[in-house]
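One structure below.
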Amino acid sequence: MSFFNYENNNFYYEIIGNGPVLVLSHPYMSSSTHWHKSGWVDILSKDNTLVMFDYTGHGKSSCPKEIDKYYISYVSEILINILNENSISKFSIFGFSMGGRICYELIRNHEDRITSMIIGGMHSKPPYSHKKIISYKEENLSPIVKEKFDLNGLKLSNEAQDEWGGAEDIIKNYSNPCLMFAGLEDPYYNWIESTASKFNDCELFGIEGIGHIGAFWRMNRIKEKIIYFLKMQNLERVE
Numbered sequence: 229m230s231f232f233n234y235e236n237n238n239f240y241y242e243i244i245g246n247g248p249v250l251v252l253s254h255p256y257m258s259s260s261t262h263w264h265k266s267g268w269v270d271i272l273s274k275d276n277t278l279v280m281f282d283y284t285g286h287g288k289s290s291c292p293k294e295i296d297k298y299y300i301s302y303v304s305e306i307l308i309n310i311l312n313e314n315s316i317s318k319f320s321i322f323g324f325s326m327g328g329r330i331c332y333e334l335i336r337n338h339e340d341r342i343t344s345m346i347i348g349g350m351h352s353k354p355p356y357s358h359k360k361i362i363s364y365k366e367e368n369l370s371p372i373v374k375e376k377f378d379l380n381g382l383k384l385s386n387e388a389q390d391e392w393g394g395a396e397d398i399i400k401n402y403s404n405p406c407l408m409f410a411g412l413e414d415p416y417y418n419w420i421e422s423t424a425s426k427f428n429d430c431e432l433f434g435i436e437g438i439g440h441i442g443a444f445w446r447m448n449r450i451k452e453k454i455i456y457f458l459k460m461q462n463l464e465r466v467e
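Using this note's numbering, the letters of the sequence shown correspond one by one to residues 229 to 467.
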């Protein structure tokens, strides 16, 4: 458990486990804590070195007042700097929802460092043309969210996501394996399916009877698929 100082702000991160590096990139209105609570850390840390970090305005990380510190591109560079600080050059990444946007954005400038990618519940289209289903409205926030999060940080993060330009034009630049998954009841599903078709090497797994965030928490429906995918990628690197 550590903090990384970047441009006078502190960003919380954890490194846990043994094996090839796997970055876990959390959803919006979440934090690295939710990777633990959902059970993903217990399962994935057995064969992987997990790197988790809290985005700007989330978890234990700083909540600056400037919106540019919340952009997807900025958060992606925070991650890269954390990896550099820990002498990590190559990594796989597993991102869900907003975390999926981090995955897509990394293709833009760091495609050569990503050995494999897992994206849950997110497409590559820009939010301004394809409406977000999870967004900031203070009157709709639960009491626990209001207690655990900096509300201005969540608001700025939401606004910054709205300005993300998508990644439709760069997916073709990524040639390593990708696994995508989503609930078949997820309102994003058709857009996710469209995104999967643009990758050079991608498998999409649809989960029956589940919506958007349920695909993250109902890990029993997808965990074996993800464990097998990572095992195959790790074996290929050894060979």
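Where a beta carbon is used, it is the ideal one built from N, C-alpha and C, also for glycine.
Treat the numbers as computed from the prediction; the structure is a model and nothing was measured.
Beta-ladder partner(s) of residue i, from DSSP
i: Ser320; result: Leu250 and Ser344
i: Cys406; result: Met345 and Cys430
i: Ser230; result: Tyr241
i: Met280; result: Glu242 and Leu252
i: Ile435; result: Gly411
Whole-Å CB distance - residue i paired with residue j, under 8 angstroms assumed
i: Asp282; j: Phe239; result: 7 angstroms
i: Gly349; j: Tyr416; result: 7 angstroms
i: Leu311; j: Ile321; result: Actually they do not touch by this definition, with Cβ atoms about 10 angstroms apart.
i: Asp429; j: Asn404; result: 7 angstroms
i: Ile300; j: Arg341; result: Not confirmed; about 17 angstroms, so no contact.
i: Tyr234; j: Ile306; result: 6 angstroms
i: Glu431; j: Leu407; result: 5 angstroms
i: Gly394; j: Pro354; result: 4 angstroms
i: Pro255; j: Met345; result: Their Cβ separation, rounded to whole angstroms, is 16 angstroms, which puts Pro255 and Met345 out of contact at 8 angstroms.
i: Ser230; j: Tyr241; result: 6 angstroms
DSSP state of residue i mapped onto helix, strand, coil
i: Glu242; result: strand
i: Leu412; result: coil
i: Tyr364; result: At Tyr364, the pLDDT of 46 sits below 50, so the modelled position is not reliable; the number obtained from the coordinates is stated separately. The answer is coil: DSSP assigns Tyr364 none of H, G, I, E or B.
i: Ile310; result: helix
i: Phe377; result: coil
i: Lys451; result: helix
i: Lys293; result: coil
i: Tyr446; result: The amino acid occupying residue 446 in the given sequence is Arg; Tyr does not appear at that position. Reduced to three states, the DSSP call for Arg446 is coil.
i: His262; result: helix
i: His338; result: helix
i: Glu467; result: Bear in mind that the predicted position of Glu467 carries a pLDDT of just 48, short of 50, making it unreliable; the figure below should be weighed with that in mind. Glu467 falls in the coil class under three-state DSSP.
i: Ser425; result: coil
i: Trp268; result: helix
i: Met326; result: helix
i: Trp392; result: coil
i: Lys353; result: coil
i: Tyr299; result: coil
i: Met460; result: helix
i: Glu235; result: coil
i: Lys273; result: Reading off the sequence shown, one finds Ser at residue 273, where the question assumed Lys. If DSSP states are grouped into helix, strand and coil, Ser273 belongs with coil.
i: Ser304; result: helix
i: Lys400; result: helix
i: Lys288; result: coil
Spatial neighbours of residue i in its chain, beta-carbon cut-off 8 angstroms, leaving aside the 5 residues before and after
i: Leu250; result: Leu272, Asn276, Thr277, Leu278, Val279, Phe319, Ser320, Ile321, Phe322 and Leu458
i: Ile438; result: Gly411, Leu412, Glu413, Asp414, Arg446 and Arg449
i: Thr343; result: Pro248, Lys318, Phe319, Ser320, Asn404, Gln461 and Arg465
i: Glu452; result: none
Chain-order list of residues whose beta-carbon lies under 7 angstroms from that of residue i (same chain, five-residue window excluded)
i: Tyr298; result: Thr284, Gly285, Leu384, Ser385 and Ala388
i: Trp445; result: Ser266
i: Val303; result: Tyr283, Thr284 and Ile330
i: Phe427; result: Ile399, Tyr402 and Cys406
i: Glu421; result: Leu432
Own chain, CB closer than 6 angstroms to residue i, minus 5 neighbours either side, in chain order
i: Ser315; result: none
Heavy atom of the ligand GTP within 7 angstroms of residue i beta-carbon
i: Met345; result: Judged by which ligands are present, the structure shown has none, so any question about the ligand GTP falls away.
- May I ask you to verify whether the region 340-355 touches the region 270-281, counting CB pairs closer than 8 angstroms and requiring at least 3? no
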